[in-house]
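Residue numbers (mature numbering (1 follows the signal peptide of the UniProt record, and there is no 0)): -17 to -1, 1 to 507.
Even glycine gets a Cβ: it sits at the ideal position worked out from N, Cα and C.
Keep in mind that this is a model prediction, so the values were computed, not measured.
The structure under discussion appears below in the form of C-alpha cells.
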C-alpha cells in the first residue's frame, strides 16, 4: 500500500488496541476551584442552517452534529491527532473476538444532575438499536447483539461477529450519551401515542462542556458553559449558533464583527475574507467527498449507460480550476484520501466527451431527456451550472433547484429527487462508515443511501468487510466494492473539499476535525 494508506492503517490499529492509559487526556487537567468560572466570552457562530434535531439518535446531517458535539460526549473519541482515545470510558479493551469491555469514568454528571453509569450506556445503545425508535443511525450499531452490565461502571458490549470498527463507531455522534431520564421520558410519551425521537430533541441533556439553554426556531440556538463539567471547563461562556443561509450575509457579519466564526464558505469568497484586516480563513483537510447523485430507482437513471454518459461528460479538472479556484481537490473514488480504505489502485471514469456520447447512444434514451438536480448551497449551484452547460452536449437538459437545507434533506431522503448534489463526510475515518451507509441497500434514504442504490455483490462485500479481522483481506473487500460502485456510477465523485471557515483574527483555539465538526471548547 502507499505511504498514506500505511499511515491510516497505523491509526486504525491504534483503534483496535486496548486503550488503558489516559494520562494525556486533556480532561484530566485540574478544574478551577469550585464556584469559579473559567472566564471567556460569548461566541457567535453563523452557520447555513439550524439542526434538524438535537437528538443524537435522530439526525445525521452536518448542522445537527455541529451543535450536538458540544452538548454530548461519547465513550471513545478522536483526539486532534485523529487517534482514538478514551472519552466517557476511562479505558476499553477487546477481551475476545466478540466482546469489548469498557471501564467508565466515575463521578460524571449529566446536565440534569443525573449520574453517568453502566445503566445509562446500556439504555443509549439499546435505544439507538430499537426498531420501535427507528433511529437513522442504527446502522452504526447493528453488529451489537447485547450490552451487558458487569457493575455500576463496567459494561461489556457483545457483537454478533468480530467487528473491527466498533470503537470508531462508538466515537461517532450516534454514540453520544443521553441522560437516561430523558430517554425514559421519550419512551413514556411514545407509550401515550407520541412520535419517537421527540423528547430528547426538546430537552437535549448530555455530559458535555456546553449545555443547551434555549432555541428560537429557525433563528438561533444558545449553549452555555457547563460550570459543573467533570473535566476542564470550556473557555467560552456561551456559543450562539445562528442560521444565516446566505453566504454574503455570513461574510458581512464576520467582517463587521457581528459573527466570530462562519461556516461553510465558498472558495470564491476566501480572498474577500482574508484581505479584511479583522478576519481570516482557516483551511483544513476534510474527510468529505462531494458528488452528483442519481436516484437509481427512477428513469432514466436506472439505466447504467445514462449514468456513465453523464460521468464521462464532466471535466472535473475544469470544475476545480474554473469554479473552485483551485482550492478543492478532484475526486475519482467514493472515499477521501484521508480515509482508511482509500485506494490509488482503482480505475476511475475519465472525462471523455466522445465516450459520453457513445454511452448515451447505447442507452434507452439516445435522444436525451430533461431532469432536475436539487442542491442546497451556492458552491453546489455553481458546479451544477457548469454541468448544465456541458451536459447539453449529450442531450441532457438540466434544471437546477436550490432548496433550503432542511427541505433538501427531507426531499432526498424520501426519494423524491431525480438528481442531487450532495456531500458525505466519513466521520470515523474508516471505510465502513464511508461506504456502508452510502451504498448498502439496507440504508436507503435518511441513513445515507440517497441514490437508492442496490447491488447484492456490494452488500455482501460491505457486510463481510465489517466483520473481517484480517486487515489485508478487509482492505481488498473495500477496494472491490469501490470498483463496482465506480463502474456502475450511482453517484459521480466530483471533488474532495477543504474545510473553509471564516474566523475573527483575534480568536485563538479553533480546531475542526476532518469530519467538519468544530471543536469549540478552547476558543479564546
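Could you check where the beta strand (DSSP E) with residue 487 kicks off and where it finishes? 481 to 487
For the structure I just gave you, are there three or more beta carbon pairs, one from the segment 375 to 382 and one from the segment 408 to 426, closer than 8 Å? no
Burial state of residue 101 (16 or more Cβ within 10 Å): buried
Does DSSP classify residue 115 as helix, strand or coil? coil
Applying the 10 Å Cβ sphere with the 16-neighbour rule, what's the burial state of residue 452? exposed
Kindly indicate which residue of 342, 448, 223 has the alpha-carbon position closest to the one of residue 30. 223
Compute the beta-carbon to beta-carbon distance between residue 154 and residue 67, rounded to the nearest angstrom, for a pair I have assumed lies under 8 Å. 6 Å
Please give me, in chain order, every unbroken run of the alpha helix (DSSP H) with length at least 4 that falls completely inside the segment 159 to 214. 163 to 174, 182 to 185
Hey, residue 264 and residue 406: beta-carbon distance below 7 Å or not? no
Taking only heavy atoms of the ligand FMN into account, decide whether any of them is closer than 6 Å to the Cβ of residue 241. With respect to small molecules bound, the structure shown includes none, and the ligand FMN cannot be examined in it.
Please report the straight-line C-alpha distance between residue 113 and residue 305, rounded to a whole angstrom. 48 Å
Does the separation of the CB atoms of residue 465 and residue 329 fall below 7 Å? yes
Would you identify the three-state DSSP class for residue 458, choosing helix, strand or coil? helix
Using 8 Å as the Cβ pair cut-off and three pairs as the minimum, do the segment 107 to 121 and the segment 37 to 51 touch? yes
Between the segment 336 to 346 and the segment 278 to 292, are three or more C-beta pairs nearer than 8 Å? yes
Between the alpha carbons of residue 308 and residue 474, how many angstroms are there, rounded? 23 Å
Cβ neighbours of residue 314 in the same chain (closer than 8 Å, five flanking residues each side left out): 272, 273, 274, 299, 476, 477, 478, 479
For residue 178, does the count of other Cβ atoms within 10 angstroms reach 16, so buried, or fall short, so exposed? exposed
Alpha carbons only, please: which of 133, 136, 127, 152 is nearest the one belonging to residue 143? 127
Under DSSP, the beta strand (DSSP E) around residue 315 begins and ends at which residues? Unbroken run through residue 315: none, as it is neither H nor E.
Pair within 7 Å by beta-carbon distance, residue 93 and residue 188: yes
Taking one C-beta from the segment 254 to 263 and one from the segment 56 to 76 each time, how about it: are there three or more such pairs within less than 8 Å? no
Distance, residue 303 Cα to residue 316 Cα: 16 Å
Which residue's Cα is closest to the Cα of residue 259: 236, 202, 145? 236
Among 217, 233, 399, 497, nearest to residue 318 - alpha-carbon criterion: 497
Whole-angstrom distance between residue 214 and residue 169, CA atom to CA atom: 28 Å
State the start and end residues of the unbroken beta strand (DSSP E) segment that holds residue 491. Unbroken run through residue 491: none, as it is neither H nor E.
Are there 16 or more other CB atoms within 10 angstroms of the CB of residue 250, so buried, or fewer, so exposed? buried
Among 442, 354, 333, 248, which residue has its Cα nearest to the Cα of residue 481? 248
Buried or exposed: where does residue 45 fall if 16 or more other Cβ atoms within 10 Å of its Cβ makes it buried? buried
Three-state secondary structure assigned by DSSP to residue 361: helix
Presumed contact (8 Å Cβ cut-off) between residue 414 and residue 493, rounded CB distance: No, residue 414 and residue 493 are not in contact; Cβ-Cβ is about 29 Å, not under 8 Å.
Can you list, in chain order, the residues of its chain with a C-beta nearer than 7 Å to that of residue 136? Leave out the 5 residues immediately preceding and following it. 86, 87, 89, 100, 101
Would residue 192 and residue 171 qualify as a contact pair, given that the criterion is a beta-carbon distance under 7 Å? no
Rounded Cβ spacing between residue 401 and residue 354 (contact assumed at less than 8 Å): 5 Å
Under a three-way DSSP split, which group does residue 501 fall into? strand
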